[in-house]
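Undergrad: Numbering (the working numbering), first residue to last: 23 to 293.
I'd like to ask some things about the structure below.
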């Protein structure tokens, strides 16, 4: 098949199903696995160049609604009569469902089931380990600083927090993404700050952005120097790579309970 992915998480799903060699084009932000970097780039995921997509004569386009504004991509695919599926997971279970969905549309249904089985097994492993944690620290996941965006209760990072023996400080918000402000974060007084600015490399982030906020010297995470710069690719994209992120953050939070690195992407080893 000739596959086109117009969202990084979809490109990653394709990789887990062993179909990277069938990709003929991807969006600008797709950067994993390394092989996709040599493929034709079709523009940012919010500004896909549909003429280029059409020129590639895809058998299937993997579209997404994971970011507001992607609706226009779907409208344009429909208008041009291009074959597509839409993925929009917010939970770890929905990611498993999407693996199955892509498998059904690409003739890799059996492979998808094997990957899902391993994926669910790893989730269960961390669920069991998390039950051994006595004190579960509160985490503030900072997706963006101004305006402040953070995951809510229906986002995968609330689940990742729980599996890592912690809790999302905004987990009581019944939405996937929460727009708030620094005052509200201050009031919730998180034990740990996880900086995962969307689209920004950790080398470009500085914990001082948190430490120097007015009044934040009273926040527990600042007092205890528990501000962690994390790779946004492991936390901001709804694909099985989230489990690599889980391994990393769990090991940071509870090194006496969770396995330490090197952290392997064991799902890629599924045959």
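The beta carbon of each residue, even a glycine, is placed where N, CA and C say it ideally should be.
Keep in mind it's a predicted model, so treat the numbers as computed, not measured.
Is it the case that the Cβ atoms of residue 40 and residue 130 are separated by a distance below 9 Å?
TA: One-based indexing of the chain shown puts residue 40 at position 18. One-based indexing of the chain shown puts residue 130 at position 108. Taking 9 Å as the Cβ cut-off, residue 40 and residue 130 qualify as a contacting pair.
Undergrad: In chain order, which beta strand (DSSP E) runs of at least 3 residues are fully inside the stretch 216–253?
TA: Qualifying beta strand (DSSP E) stretches, in chain order: 249–251.
Undergrad: Please name the residue, chosen from 186, 125, 172, that lies closest to residue 339 on a Cα-to-Cα basis.
TA: This structure leaves residue 339 out entirely; the chain is present only between 23 and 293.
Undergrad: For residue 198, collect the residues of the same chain with a Cβ closer than 8 Å to its Cβ; drop the 5 residues on either side in sequence, then sort them by chain order.
TA: In the chain shown, counting from the first residue as 1, residue 198 sits at position 176. Taken in chain order, the residues that qualify are 112, 173, 174, 176, 177.
Undergrad: Measure the C-alpha to C-alpha separation of residue 45 and residue 241 and round it to an integer number of angstroms.
TA: Taking the first residue of the chain shown as position 1, residue 45 is located at position 23. Taking the first residue of the chain shown as position 1, residue 241 is located at position 219. If I take the Cα positions, the gap works out to 46 Å.
Undergrad: Terminal residues of the continuous beta strand (DSSP E) containing residue 108?
TA: For the purposes of this step, residue 108 is identified with residue 86 of the chain shown, where counting begins at 1. From DSSP, the beta strand (DSSP E) with residue 108 extends over 106–109.
Undergrad: Identify the continuous beta strand (DSSP E) that holds residue 141 and give its terminal residues.
TA: Numbered from 1 along the chain shown, position 119 holds the residue referred to as residue 141. Element bounds for residue 141: not the beta strand (DSSP E) but the alpha helix (DSSP H), 131–152.
Undergrad: Using only alpha-carbon positions, find the residue among 65, 64, 37, 68 that is nearest to residue 57.
TA: On the chain shown, position 35 is the one that residue 57 refers to. Answer by Cα proximity: 37.
Undergrad: Report the residue from 239, 221, 29 whose alpha carbon sits nearest the alpha carbon of residue 252.
TA: Counting from one through the chain shown, the residue named residue 252 turns up at place 230. Answer by Cα proximity: 221.
Undergrad: Put residue 162 into one of helix, strand or coil per three-state DSSP.
TA: By one-based count along the chain shown, residue 162 stands at place 140. Strand at residue 162.
Undergrad: For residue 85, does the three-state DSSP call read helix, strand or coil?
TA: The residue you call residue 85 lines up with position 63 of the chain shown. In this structure, residue 85 counts as strand in the three-state DSSP scheme.
Undergrad: With DSSP run on the structure shown, which of helix, strand or coil describes residue 31?
TA: Looking up residue 31 in the chain shown gives position 9. Residue state, collapsed to three classes: helix.
Undergrad: Take the Cβ of residue 34 as the centre, count every other Cβ of all protein chains shown within 10 Å, and call the residue buried at 16 or more, exposed below.
TA: Taking the first residue of the chain shown as position 1, residue 34 is located at position 12. The residue is buried, with at least 16 neighbouring Cβ atoms inside 10 Å.
Undergrad: Rounded to the nearest angstrom, how far is the Cβ of residue 160 from that of residue 207, given a contact under 8 Å?
TA: Residue numbering aside, residue 160 sits at position 138 when the chain shown is read from its first letter. Residue numbering aside, residue 207 sits at position 185 when the chain shown is read from its first letter. No, residue 160 and residue 207 are not in contact; Cβ-Cβ is about 11 Å, not under 8 Å.
Undergrad: Just confirm the distance between the C-beta atoms of residue 145 and residue 271, as a whole number of angstroms; I'd bet it's less than 8 Å.
TA: Here residue 145 refers to the residue found at position 123 when the chain shown is read from its first residue. Here residue 271 refers to the residue found at position 249 when the chain shown is read from its first residue. With 8 Å as the limit, residue 145 and residue 271 do not qualify as a contact, their Cβ atoms being about 14 Å apart.
Undergrad: Does the Cβ-Cβ distance between residue 170 and residue 188 come in under 9 Å?
TA: Within the chain shown, the letter at position 148 stands for residue 170. Within the chain shown, the letter at position 166 stands for residue 188. No.
Undergrad: Take every Cβ of the stretch 254–273, pair it with every Cβ of the stretch 95–108, and state whether three or more of those distances are shorter than 8 Å.
TA: No: fewer than three Cβ pairs fall under 8 Å.
Undergrad: Where residue 31 and residue 156 are concerned, what is the direct C-alpha to C-alpha distance, given to the nearest angstrom?
TA: Along the chain shown, one-based indexing puts residue 31 at 9. Along the chain shown, one-based indexing puts residue 156 at 134. The straight-line gap from Cα to Cα measures roughly 34 Å.
Undergrad: Note down, one range per segment and in chain order, each beta strand (DSSP E) of at least 3 residues found wholly within the stretch 35–75.
TA: Here the runs fully enclosed are 45–48.
Undergrad: When DSSP builds the beta bridges, which residues end up paired with residue 180?
TA: Taking the chain shown and counting its residues from 1, one reaches residue 180 at position 158. In DSSP, residue 180 forms no bridge with anything.
Undergrad: Can you tell me whether DSSP reads residue 95 as helix, strand or coil?
TA: Numbered from 1 along the chain shown, position 73 holds the residue referred to as residue 95. Reduced to three states, the DSSP call for residue 95 is helix.
Undergrad: Going by DSSP, which residues form a beta bridge with residue 189?
TA: Locating residue 189 in the chain shown gives position 167, where the first residue counts as 1. Looking at the DSSP assignment, residue 189 forms a beta bridge with 160.
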